[in-house]
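Numbering-wise (numbering that gives the first Met the number 0), the sequence shown opens with residue 0 and increments by one. Okay, so here's the structure we're looking at.
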Amino acid sequence: MRAHLQKLVSRRPTLSRPWTTLSRPWTPSRSLTGFPPAVGGPSSPVAVRVQSRSRLMDPFSPEELNRFTQICGQVTEHSDYPLSSEIAHNAVVYSGDRLRQFITNGSQSRDDIMAEVHKCLATGPGVLVIRKFVKDTDLIQRTNNVLNKIIESEREGAKGDHFSAAGNNDRIWNSFQKHAVADPRSFVEYYSNVLLDMVSEAWLGPGYQLTAQVNVVRPGGKAQEPHRDYHLGFQSERTASRFPIVSQIASAMLTLQGAVAHTPMPLASGPTQLLPFSQQFDHGYIAYRQPEFVDFFHKHMVQTALDIGDAVFFNPALFHAAGDNKTKDLHRMGNLLQVSACWSKPMETVDRNAIIRATWSDVKDYIANVQDGIDSPSSQALLKAICDGYSFPTNLDKDPPPADSHCPETQLDRVTRGVAEKWSDDSLNQALDELAAKRAA
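Encoded structure:
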């Protein structure tokens, strides 16, 4: 038997390099030095998780708030984020112009950015700002004109959001699809954003699903209650508490939250209140509802002013809240981006077939006129934004994987081929209908 086992071991393939995450060895974040050292002495890696890992959490104790205080007391070091332009209130701030230049320099530069962004969202402060995320302010103005028309057409009753009262704001649910149908050209220009693609893939990997909502907070609009976001941030405390703690932790890795400033957002207008590092607290989906944690949030939260075209992205487990609009005449408008992993259920239903059909002519025109055509980063960003890039769920009786793969063709695969082959509207419609029929039960 021993000889047989040794023979099997000798056949084991050798790795060309040690296993890494995103081709980089794991190292503890410098900002985590406030945690107790792991067993083995000071030279051991820092313990990132120190909370109890029982299946369900026990009632809160003063120790929990002390631990939360310790976590949120960390400091973001600029040296940990060498591609950033500055650290502001513990948030990592990037220059959009510089990031775009990195991306055009090649895939390795893009991978370097994504590694840094992922570290920020996971084990760092959990929030980053990109200045000039949308560089073309004229594009934002044209988009605002479209969005304001949609708001006027839907203004039949007060619409609140999930964490503030109705009457404070105007809201466009599923603005992603409505924008595409209302004005395909500005939609195509807006969502061919290489930075949106980069940040989304950095946190969620390929095949992510994009949704968007527009929120306009009027002068005098009150702040939201501090909270965590979708998924578990939208459940009742009773429902959320029934999920195992490890599932609560995992849920934060299924979604990315973002917001693009469509108007100036000075501090008086109430840009998002943020509590850096709070995403690292394992029990946060229950804690944010407790008075002691709410009080801590109000005492220690930070805000960063935004200009038109700036964007903020954060881990959905970060404690946050939209602020009070204390201005007299500024209607604070933001495009709220929610990006889901390919195997996560998005909050909103989006008809991607309808979006592709509505924008098809403009998609082809855009790609035909951009440098490097379909291979350009912006063309790829656009197609990934509008298409379903995941093979499942499907009906494997009608949509079996090809002989050379485990996964059937995706909508993204098919539409990319259609762009390359310059499909007509009729050809596109036929291809989309065929794929939908294959996937139907």
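Glycine included, every Cβ here is placed at the ideal spot set by N, Cα and C.
- Task: May I ask you to list the residues that DSSP assigns as paired with Gln337?
- Result: For this step, residue 337 is matched to residue 338 along the sequence shown. Gln337 pairs with Thr210 and Gln256.
- Item | Reference Glu155, options Asn143, Asp169, Ser108 and Val145, closest by Cα | Here residue 155 is taken as the residue at index 156 of the sequence shown, counted from 1. Checking every option, the nearest Cα to that of Glu155 belongs to Asp169.
- Item | Host beta strand (DSSP E) of Arg130 (start-end) | As a position in the sequence shown, residue 130 is number 131, starting the count at 1. Unbroken beta strand (DSSP E) run through Arg130: Val126 to Arg130.
- Task: Provide the residue span of the beta strand (DSSP E) that contains Ala90, from first to last.
- Result: As a working note, residue 90 is residue 91 in the sequence shown. That run of the beta strand (DSSP E) goes Ala90 to Ser94.
- Message: Is the separation between the beta-carbon of Leu381 and that of Ser191 shorter than 8 Å?
- Response: As a position in the sequence shown, residue 381 is number 382, starting the count at 1. As a position in the sequence shown, residue 191 is number 192, starting the count at 1. Yes.
- Query: So what does Ser85 bridge to, in DSSP terms?
  - Reply: Stepping through the sequence shown from its first residue, residue 85 is reached at position 86. This sequence places Glu at residue 85; Ser is not what is there. Answer by DSSP bridge pairing, in chain order: Val92.
- Query: On the three-pair Cβ rule with 8 Å, is the segment 309 to 317 touching the segment 248 to 260?
  - Reply: yes
- Query: Cα-Cα, which of Pro265, Pro124, Thr415 and Leu395 is closest to Lys374?
  - Reply: Residue 374 sits at position 375 when you count from the first residue of the sequence shown. Residue 374 is actually Asp in this sequence, not Lys. Ranking the options by Cα distance to Asp374, first place goes to Thr415.
- Message: The beta strand (DSSP E) that contains Val311, what's its start and end?
- Response: As a first step, residue 311 must be located in the sequence shown, where it is residue number 312. Run containing Val311: Ala310 to Phe313, per the beta strand (DSSP E) assignment.
- Around the C-beta of Leu395, are 16 or more other C-beta atoms found within 10 angstroms, so that it is buried, or is it exposed? Along the sequence shown, read from residue 1 onward, the residue named residue 395 stands at position 396. The residue in question, Leu395, is exposed, as its Cβ has fewer than 16 Cβ neighbours within 10 Å.
- Query: Where His88 and Ser277 are concerned, what is the direct C-alpha to C-alpha distance, given to the nearest angstrom?
  - Reply: Mapped onto the sequence shown, residue 88 falls at position 89. Mapped onto the sequence shown, residue 277 falls at position 278. Taking the straight line from one Cα to the other gives about 14 Å.
- Message: Just to confirm, is the Cβ distance from Gln337 to Tyr229 under 8 Å?
- Response: By 1-based counting over the sequence shown, the position of residue 337 is 338. By 1-based counting over the sequence shown, the position of residue 229 is 230. Yes. Within cutoff.
- How is Ile307 classed by DSSP in three states: helix, strand or coil? Locating residue 307 in the sequence shown gives position 308, where the first residue counts as 1. It is coil, neither helix nor strand.
- Whole-angstrom distance between Thr393 and Ala440, CA atom to CA atom: Mapped onto the sequence shown, residue 440 falls at position 441. Mapped onto the sequence shown, residue 393 falls at position 394. Those two C-alpha atoms are separated by around 8 Å.
- Query: Are the CB atoms of Gln212 and Ile171 nearer to each other than 8 Å?
  - Reply: Within the sequence shown, the letter at position 213 stands for residue 212. Within the sequence shown, the letter at position 172 stands for residue 171. Cβ atoms of Gln212 and Ile171: closer than 8 Å.
- Message: Taking the straight line between their C-alpha atoms, what separation do you get for Phe508 and Leu55?
- Response: The shown model of the chain, from 0 to 440, leaves out residue 508, and the question about it has no answer.
- Message: Output needed for Ala357: all residues of its chain with C-beta closer than 6 Å, excluding positions within five of it in sequence on either side, in chain order.
- Response: Position 358 of the sequence shown, counted from the first residue, corresponds to residue 357. Taken in chain order, the residues that qualify are Ala179, Val180 and Pro183.
- Item | Local conformation of Met113 per DSSP, three classes | Here residue 113 refers to the residue found at position 114 of the sequence shown. Of the three classes helix, strand and coil, the one that applies to Met113 here is helix, per DSSP.
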